[in-house]
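Asks: Residue numbers (full-length UniProt numbering): 1 to 88. Think of the CB as a built atom: it goes at the ideal place given N, C-alpha and C, for glycine as much as any other residue. Right, I'll just put the structure down here and ask away after.
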């Protein structure tokens, strides 16, 4: 009288329905997205530290300079360094 039908218990069917339900899976993804969005929104309230630096160097030394032109060379040599730290 028994056929080869599989007999399932209530717990198996319930778990299978939860696992395969598109509605439940969509709701789980909605919750995950909402949690990530909350983290993103909280980031606006954290302090930020921005650091930037600039360094320039220029040497106008020409091949025609020799040791008697040192005074002219130093007037054409410059170095610029700058750094900023901003806290917002």
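#1: Just confirm the distance between the C-beta atoms of residue 18 and residue 26, as a whole number of angstroms; I'd bet it's less than 8 Å.
#2: Only counting the same chain, and skipping five residues up and downstream in sequence, which positions put a Cβ closer than 7 Å to that of residue 1?
#3: Mapping the DSSP letters down to three states, classify residue 13 as helix, strand or coil.
Replies: Well, looking at it:
#1: Residue 18 to residue 26, Cβ: 13 Å. No contact.
#2: Here residue 1 scores only 46 on pLDDT, less than 50, and its place in the model is too uncertain to base an answer on.
#3: helix
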